[in-house]
Amino acid sequence: MGTVSKPGRVNQATTLMAKYGPPVLFIAAFAPIPFKTLALAAGAGAMPMAMFLPAVVLGRTIRFYLISKVTLQGLKWLQT
């Protein structure tokens, strides 16, 4: 079984989660940075679900909404 991320990154992510919490998780959910590493760090740092879920759901919703809009625009452009 492969590893999820490099061991050094998990330590960095745990430090970020302890210092900044949900804003870092929101940015990770939205941006193309290693989201799994920060999500694991949130779990390792025992972040409460009440803080974890809104940050992840909002970040992922915005990200995938924008991806779908760009994809639909690209398809419309290809059809013309």
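If you read the sequence shown in my numbering, its first letter stands for residue 1012, the second for the next number, and so on.
Using N, Cα and C, we set each Cβ at its ideal position, and we do this for glycine too.
| Query | Result |
| --- | --- |
| Mapping DSSP to helix, strand and coil, what is T1091? | coil |
| Grab me the residues of R1020's own chain with a C-beta within less than 8 Å of its C-beta, minus the 5 sequence neighbours each way, in chain order. | P1045 and T1048 |
| What distance in whole Å lies between the Cβ atoms of F1037 and L1086, which are believed to be in contact at a cut-off of 8 Å? | No, L1086 and F1037 are not in contact; Cβ-Cβ is about 29 Å, not under 8 Å. |
| Using the rule of at least 16 other Cβ atoms within 10 Å of the residue's Cβ for burial, across every protein chain shown, is L1027 buried or exposed? | buried |
| My output table needs one value for P1059: the three-state DSSP class, helix, strand or coil. | coil |
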